[in-house]
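Quick note, the sequences are listed as chains A and B, same order.
Adding 325 to a residue's 1-based position in the first sequence gives its number in this note's numbering.
Adding 22 to a residue's 1-based position in the second sequence gives its number in this note's numbering.
Where is the CB? At the ideal position from N, CA and C, for every residue including glycine.
The structure appears right after this line, and notes come after that.
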Amino acid sequence: MGFHIGSAGEEAAIVASAAAMREVDWIFPCYREFGALLWRGMPLQGYIDNMYGNSNDSCRGRQMPDHYSGKPYRFASVSSPIGTQLPQAVGFSWAAKLKDEKIAVAVYLGEGATSSADFHTAMNFAGVFQTPTVFLIRNNGWAISVPASHQTAAKSFADKGAAYGVPAVRVDGNDALAVYKTVKAAAEEAAAGEGSKLIEMLTYRMSGHSTSDDPRAYRSEQEVEAWQQKDPIVRLRKYLESNQAWSEKDESDCVEQLRTELKACIKKAEESERPSIASMFEDVYREKPWHLKEQQRQAEQGPRHKANH
Amino acid sequence: MPEMNMVQALNSALRSEMHSDDRVVVMGEDVGQVGGVFRVTQGLFKEFGEKRVIDTPLAEGGIIGSAIGMAMYGMRPVPEIQFADFIFPAFDQIVSEAAKYRYRTGGEFSCPMVVRAPVGGGIRGGHYHSQSPESLFIHNAGLKVVCPSNPYDAKGLLLASIRDDDPVLFFEPKRVYRAVKTDVPEEPYLIPLSEAKVVREGRHVTVIAWGAMLFEALESAENAARHGIEAEVIDLRTLWPVDIDTILESIKKTGRVVVVHEAAKSCGFGAELVSLIAENAFLHLEAPPVRVTGWDTPFPYTLENEYLPLAHRITPALLQAARY
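So this is what it looks like as structure tokens:
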């Protein structure tokens with residue numbers, strides 16, 4: 326496994342928001358939303374297979390780790406370019422509206438993506454056409470090494486909604502219940518025909534941007550420690566425990582069960598076949614054109630072919 | 023059978039497909055009330071209403087990005103980019119997203135949409151209303167690229183493109199829009215993608231062209247005939263995936279080839295065609311392949327006719343190849 330783009334610190338913003346969407350609603354991810362995908366029903370094995378890019382991966386090993394998709398779970402697809410999912414989510418929700426289907430589409434982005442042209446066009450289209458789109462900004466403070474203060478001079482990212490005629494709110498992104506309530510209300514209103522919503526979820530990226538990043542180069546330990554005190558999972562756990570809905574034993578049982586399941590999934594993923602060379606040439610087009618058939622023949626007869634070893 | 027120019031033929035195709043398939047929507051800048059700056063979508067707004075013929079904000083990335091979302095939902099969007107020169111704000115959405123959706127999702131999602139855009143010179147539009155960016159899209163796996171040369175083909179190819187399950191860049195030679203009329207059936211008909219057409223048979227040299235330059239190629243073939251040279255002219259119609267069989271069959275007959283396109287020479291589609299011919303028919307070649315193309319400069323305003331590969335440049339190339 327070569328890469329991971331984590332969500333430590335942002336679990337509430339991701340999972341509680343996904344949980345707030347109805348099953349008929351759609352989710353367009355940014356790239357830290359594997360928690361939302363698992364919530365939507367993707368088996369853990371499916372996610373781990375994607376991390377390994379093996380032949381069981383639904384993306385057939387064609388994307389780097391954490392670039393999943395899940396149509397059966399009403400979950401779109403991850404790509405690396407920033408903000409590209411935003412106008413797509415607007416178009417998807419717009420199509421639903423044109424077909425009188427009362428659904429909402431949640432689309433995730435980081436605060437860095439609000440600087441992209443696609444954010445502007447998506448918000449503008451969403452405002453003009455009153456599409457049932459719920460924009461979920463995970464303001465986690467950092468776009469790789471660039472702080473939120475270098476992404477905008479506006480007082481908040483939610484402020485941007487006003488320019489597009491899109492109602493916007495800020496919510497404590499580390500408070501799972503607040504996120505759930507806010508997103509649920511926005512999604513219901515959007516699906517009912519009230520147009521788009523923008524929600525800025527204030528949270529913090531506890532780890533580096535990805536496993537390829539070392540955040541010690543650009544931010545202080547003190548800043549990270551301050552946010553550690555606000556860990557969304559600890560907060561939710563304390564709330565549940567104070568309501569007798571969770572216990573130390575529940576916690577240890579849960580961790581143990583997940584650890585066992587995860588180990589089994591990793592073992593299976595490691596033992597799974599790599600995608601075939603033939604699969605590399607499939608799904609470029611609906612039907613394989615002559616030039617890809619020719620290149621497939623060349624690849625299959627090439628030095629990687631077992632007959633040439 | 024009525025005579026139509028290309029604008030009317032494209033309009034007829036859109037109208038017919040919108041009648042038979044309610045998934046088809048037209049969207050873009052000025053495509054609605056006014057019917058497009060070239061009037062290709064004229065009358066559709068009145069006939070199908072604002073839910074299916076959508077005047078969008080002025081943002082190409084938003085037009086294509088939201089069309090991708092619509093296609094993922096199950097619609098058949100036909101977004102228009104007002105001039106191909108303005109497609110670049112949408113380049114990321116086309117090459118990073120539409121082109122790769124089927125592949126990157128293991129076939130879960132796809133983007134069946136047709137991006138229509140006028141291309142090419144000949145209308146005194148300078149370099150922001152004249153370019154031919156086809157090779158940029160051919161180079162990115164997952165896209166199909168079509169460029170009709172006449173009204174009849176335009177209708178059949180547009181219908182085939184809309185019914186195709188992959189994203190298609192449909193480049194319309196604006197210089198031909200109103201310059202040529204052909205018989206065009208009122209009823210729908212399909213011209214399959216990736217089928218080139220031999221529009222003039224000859225045995226001495228093959229000319230490959232498409233779009234507006236096809237007429238220059240035909241004029242050159244006529245000129246060459248006066249010198250005793252019989253040129254075979256192929257209209258590619260679909261640029262990618264290209265109809266290699268028709269090309270190779272012709273080369274095996276003539277042994278000589280001239281490729282014509284408006285776009286700049288270096289890394290233009292002509293370079294790919296010549297490479298394919300060299301790879302697949304080298305021993306049939308009797309002369310070095312020749313490219314007659316736009317120069318490697320931005321598309322100029324005043325010297326437009328000196329930039330374009332018009333017949334006066336193609337004819338000597340034909341004779342040179344034939345007499346090599």
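Residue-chain proximity (residue i, chain B), Cβ-Cβ < 8 Å
i	result
K396 (chain A)	yes
T446 (chain A)	yes
G518 (chain A)	no
R357 (chain A)	no
N449 (chain A)	yes
Q621 (chain A)	no
F417 (chain A)	yes
A401 (chain A)	yes
Y610 (chain A)	yes
T439 (chain A)	no
S535 (chain A)	no
Distance between beta carbons of residue j and residue i, contact taken as under 8 Å
i	j	result
R599 (chain A)	G466 (chain A)	Not a contact, Cβ separation roughly 38 Å.
F291 (chain B)	H149 (chain B)	Not a contact, Cβ separation roughly 19 Å.
K177 (chain B)	S34 (chain B)	6 Å
A515 (chain A)	T446 (chain A)	The pair is not a contact, with the Cβ atoms about 19 Å apart (cut-off 8 Å).
R200 (chain B)	N27 (chain B)	5 Å
R259 (chain B)	V281 (chain B)	Not a contact, Cβ separation roughly 15 Å.
E39 (chain B)	I230 (chain B)	Not really, about 29 Å apart at Cβ, beyond 8 Å.
Y125 (chain B)	V403 (chain A)	Between V403 (chain A) and Y125 (chain B) the Cβ distance is about 14 Å, and since that is not below 8 Å, they are no contact.
E335 (chain A)	R463 (chain A)	6 Å
DSSP three-state assignment for residue i, whether helix, strand or coil
i	result
F353 (chain A)	strand
L461 (chain A)	strand
N27 (chain B)	strand
S402 (chain A)	strand
E254 (chain B)	strand
Y433 (chain A)	strand
P614 (chain A)	coil
T315 (chain B)	strand
H475 (chain A)	helix
S42 (chain B)	helix
G96 (chain B)	coil
R222 (chain B)	strand
D575 (chain A)	helix
L212 (chain B)	coil
I109 (chain B)	coil
H329 (chain A)	coil
S394 (chain A)	strand
W552 (chain A)	helix
Cβ shell of residue i (< 7 Å), same chain only, five flanking positions each side left out
i	result
I251 (chain B)	H226, V227, L340, L341 and A344
S157 (chain B)	A285, C289, G290 and F291
A333 (chain B)	E238, E241, S242 and N245
6 Å CB neighbourhood of residue i in its chain, flanking five on each side removed
i	result
F444 (chain A)	G408, L411 and A438
F159 (chain B)	L165, V167 and L191
E102 (chain B)	G50, V53 and R138
N172 (chain B)	V202 and T204
Any chain E beta carbon closer than 8 Å to residue i
i	result
I90 (chain B)	Structure shown: chain E not included; protein chains present are A and B.
Closer than 8 Å to chain A by CB, residue i
i	result
P214 (chain B)	no
E72 (chain B)	no
T127 (chain B)	yes
G87 (chain B)	yes
A81 (chain B)	yes
V54 (chain B)	Sequence check: residue 54 (chain B) is Gly here, not Val. No, G54 (chain B) does not count as interfacial toward chain A.
I269 (chain B)	no
A163 (chain B)	yes
M97 (chain B)	yes
M40 (chain B)	no
Y123 (chain B)	yes
E102 (chain B)	no
M94 (chain B)	yes
Residues near residue i by beta carbon distance below 8 Å, same chain, minus five either side
i	result
I299 (chain B)	I269, L270, I273, V279, L307 and P311
H329 (chain A)	M376, P390, D391, S535 and T536
W317 (chain B)	A286, K287 and Y329
Check: residue i C-beta below 7 Å from any heavy atom of the ligand PLP
i	result
S394 (chain A)	This structure lacks the ligand PLP, and indeed carries no ligand of any kind.
Cβ contact check for the region 423-440 of chain A and the region 494-506 of chain A: 3 or more pairs under 8 Å
no
Under 8 Å: do the region 345-365 of chain A and the region 383-400 of chain A share three or more Cβ pairs, one atom per stretch?
yes
With three or more C-beta pairs closer than 8 Å as the rule, is the region 227-247 of chain B touching the region 195-208 of chain B?
yes
Tell me whether the region 585-598 of chain A and the region 133-142 of chain B touch, counting them as touching only if at least three CB pairs, one residue from each stretch, are closer than 8 Å.
no
Is it a yes or a no for the region 260-275 of chain B touching the region 303-312 of chain B, going by three-plus beta-carbon pairs under 8 Å?
yes
Are three or more beta carbon pairs between the region 329-343 of chain A and the region 357-372 of chain A nearer than 8 Å?
yes
State whether the region 55-71 of chain B contacts the region 210-217 of chain B, with contact taken as three or more CB pairs (one from each stretch) at a distance under 8 Å.
no
Touching or not, the region 466-483 of chain A and the region 521-529 of chain A, by the rule of three or more beta carbon pairs under 8 Å?
yes
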